[in-house]
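Per full-length UniProt numbering, residue 1 is the first one in the sequence shown, and the count goes up by one each step.
Where a beta carbon is used, it is the ideal one built from N, C-alpha and C, also for glycine.
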Amino acid sequence: MTLYQKSLDNLLVVTQSPSSPGTGWSAVSNLQTAINNARSSAKPLQLLPGVYLTSQILVDTASGGGNRLELFAEQGTVTVRLSAAAPYLLDVNNVPDVVVRGINFDGNNQTINGSGNAGLIRFDGSSTTDFIFSGCNVSNSMATGVVAVNNARGRIADNRISNCGIGIFAIDCQVFIENNGLSTLNDNGICVWTSTVGGNGSVVSGNTVNWVDNASGGTGQYGNGILVYRAGNVKISENNVFNTKFSAIRLNAANNGHVVNNYCWNMREVAIFIEAPGAGENLSGGIISGNNIDTAGLGISVANSGLYGDGTADRCVVSSNNIINITNNAIPYPDGSTSLTTGRGITVETNAIVTNNVISLTAGAAIGLGVNNAAKDIMATGNLINNCPMGIAYSTNNSASSILVSSNIVRGYRDISNVSDPNYPISGAIVSYIFDGSSFQRDKNGGSPNTDYGNATQTSSGPLTVGMNRANP
């Protein structure tokens, strides 16, 4: 088959045929040449139906007169397939205003041997501004499906991405990632990263992510639906995330993140994980609100207080989330060890508000306030807890301070007063608990149970101020 191009008044058209399609058609050596010709003539390029087998295609300032590219096809009619190992299939390098729409890009499971953040489709460089990649299918990439790097800026929307290592990866770029469908991914769904902690402003909205493995192992670096690392001011909203080996949504050292109105189902580890992972990698100002979480090893975790060489996660609000079916799940790690999730609905440590959430059917505490000495300035108010064995558990460590528990309803908890009962460690409406290095357990008062404040009038005890709650076993 030979490629032929035809120039119209405002369009360049390409097809492939065993012989010339007729008057006005001229043969071109490959798809790269046709793209260069379209750019040089400042015309959009339309690919007519067919499967186009090609090597790598580069759009840069040294080709096509340095002009922008508009490449399109009638959606679902054209496949551009990588013919052999290459650093990419399509790379846009420092060319602004590029539009690519309606094309199926097939990596053909060829080796992607590019350095750095390799991907089948790449948008690279600070002059790659206002790009639009939409209505395309991207599949069978041994690396990432779509990559944006080095301060590129644009929109990745309305695409279908499947059978890739990572679906979409944006690093040091402000990108709007909207209404994409991603499935069957080896390591992560959507990643928004920056090289250092700082503002970013990307939006991840309306996407569906389904079936994410952690083929590269790790303890949470892989296996996530949406992963934001160091990038601040990122909005993650109205996404549907299903079937992930680790988290549906994970924010590490990502300040002022908004995680709102997402639906998360069937996560083996923490559904929404807000974390300050290391010294100097703090997280502040997160809002986690309006999310629906069903079936996970832990619902929402806001973790780390700067005590053990990690960072500090603070100033976070966890509100109006609906959480159900939280279980103890075994998480295998690369060294052969296994960790068991705690089955808690929500857990926070420092400078956090937990309010107006509905939590049902957890294996552990519905709400955990603090972890031993990591417990400071925490409020739990106005939450509705149903059929959880332990309602609200709080730390009474000597270093814990200022924990307020008020105006909550706890119904259907385990009411156990015998400390020898095997279910005692996970029981009570509003009780203190400790972490013993492997599990969270209700405190004891010698051989007696600790105080349950589920129906206490307003009172203070140690770090706890409590009152106006209602509890019914």
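Close Cβ partners of residue i (< 7 Å) along its chain, the five nearest in sequence each way excluded
| i | result |
| --- | --- |
| alanine 253 | Val197, Tyr229, Arg230, Ala276, Pro277, Glu281, Asn282, Leu283, Gly311 |
| phenylalanine 169 | Asn117, Gly119, Thr144, Val147, Cys191 |
| threonine 219 | Tyr333 |
| threonine 338 | Ala330, Ile331, Pro332 |
| glycine 102 | Phe72, Ala73, Glu74, Gln75, Gly135, Cys136 |
| asparagine 150 | Asp124, Gly125, Ser126, Asp172 |
Length of the line joining the Cα atoms of residue i and residue j
| i | j | result |
| --- | --- | --- |
| glycine 50 | leucine 3 | 11 Å |
| asparagine 292 | aspartate 124 | 36 Å |
| leucine 120 | isoleucine 166 | 11 Å |
| asparagine 418 | tyrosine 424 | 7 Å |
| arginine 39 | leucine 71 | 10 Å |
| valine 98 | asparagine 200 | 22 Å |
| alanine 363 | isoleucine 385 | 13 Å |
| serine 127 | glycine 286 | 31 Å |
| asparagine 415 | phenylalanine 435 | Before going on, a small fix: residue 415 reads as aspartate here, not asparagine. One C-alpha to the other measures close to 21 Å. |
| alanine 85 | tyrosine 263 | 38 Å |
| methionine 1 | isoleucine 249 | 46 Å |
| serine 438 | threonine 341 | 10 Å |
| asparagine 325 | aspartate 335 | 29 Å |
| valine 241 | isoleucine 177 | 14 Å |
| tyrosine 64 | alanine 313 | Note on identity: in this sequence residue 64 is glycine, with tyrosine being the wrong assignment. Using only the alpha carbons, I get a separation of about 49 Å. |
| threonine 465 | valine 405 | 6 Å |
| leucine 89 | lysine 6 | 24 Å |
| isoleucine 426 | isoleucine 323 | 18 Å |
| aspartate 421 | arginine 442 | 12 Å |
| lysine 235 | serine 205 | 8 Å |
| asparagine 255 | leucine 227 | 13 Å |
| glycine 24 | leucine 12 | 11 Å |
| asparagine 108 | isoleucine 288 | 39 Å |
| alanine 27 | alanine 296 | 57 Å |
| asparagine 104 | threonine 77 | 8 Å |
| leucine 45 | threonine 327 | 53 Å |
| glutamine 32 | glycine 225 | 34 Å |
| threonine 457 | asparagine 304 | 32 Å |
| asparagine 10 | serine 41 | 10 Å |
| arginine 344 | glycine 454 | 18 Å |
| glycine 257 | glutamine 221 | 18 Å |
| tyrosine 433 | asparagine 469 | 18 Å |
C-beta atoms of residue i and residue j nearer than 8 Å
| i | j | result |
| --- | --- | --- |
| asparagine 233 | valine 212 | no |
| valine 209 | asparagine 179 | no |
| arginine 155 | isoleucine 171 | no |
| threonine 459 | glycine 447 | no |
| residue 483 | glycine 223 | In the structure as shown, the chain starts at 1 and stops at 473, and residue 483 therefore has no counterpart that could be examined. |
| arginine 411 | asparagine 357 | no |
| alanine 393 | phenylalanine 440 | yes |
| serine 216 | glutamine 174 | no |
| glutamine 56 | proline 87 | yes |
| asparagine 352 | cysteine 316 | Here residue 352 turns out to be alanine, not asparagine, going by the sequence shown. It is a contact, given that the beta carbons lie within the stated cut-off. |
| alanine 375 | asparagine 398 | no |
| valine 95 | aspartate 130 | no |
| leucine 82 | isoleucine 35 | no |
Cβ neighbours of residue i in the same chain (closer than 6 Å, five flanking residues each side left out)
| i | result |
| --- | --- |
| glycine 181 | Arg160, Thr208 |
| leucine 58 | Asp91 |
| glycine 290 | Val260, Asn261, Ser320 |
| serine 139 | Asp106, Ser162, Asn163 |
| aspartate 452 | Gly428, Ala429, Val431 |
| valine 270 | Ser247, Leu298, Ser301 |
| asparagine 186 | Gly165, Asp213, Ala215 |
| valine 100 | Leu71, Phe133 |
| glycine 309 | Ala279 |
| residue 474 | Because the chain spans 1 through 473 in this model, residue 474 falls outside it and cannot be assessed. |
Residues sharing a beta bridge with residue i, DSSP
| i | result |
| --- | --- |
| isoleucine 177 | Ile156, Val204 |
| lysine 444 | Pro449 |
| leucine 182 | Ile161, Val209 |
| leucine 404 | Met379, Thr465 |
| methionine 390 | Ala365 |
| methionine 267 | Thr244, Ala296 |
| cysteine 136 | According to DSSP, which records beta bridges pairwise, cysteine 136 is partnered with nothing at all. |
| isoleucine 121 | Leu90, Val146 |
| arginine 315 | Beta-bridge pairing links arginine 315 to no other residue. |
| proline 332 | Thr338 |
| valine 98 | Looking at the DSSP assignment, valine 98 forms no beta bridge with any residue, so it has no partner. |
| asparagine 151 | BP columns for asparagine 151 are empty, so no partner. |
| asparagine 239 | Its beta-bridge partners do not exist; DSSP assigns none. |
| asparagine 188 | Ile166, Asn224 |
| isoleucine 249 | Ile226, Ile272 |
Own chain partners of residue i with C-beta closer than 8 Å, once the 5 adjacent residues on each side are dropped
| i | result |
| --- | --- |
| valine 354 | Val318, Ser319, Ile346, Val348, Ile367, Leu369, Ile378, Met379, Ala380, Thr381, Asn383 |
| threonine 54 | Asn30, Leu31, Gln32, Val80, Arg81, Leu82, Ser83, Leu89 |
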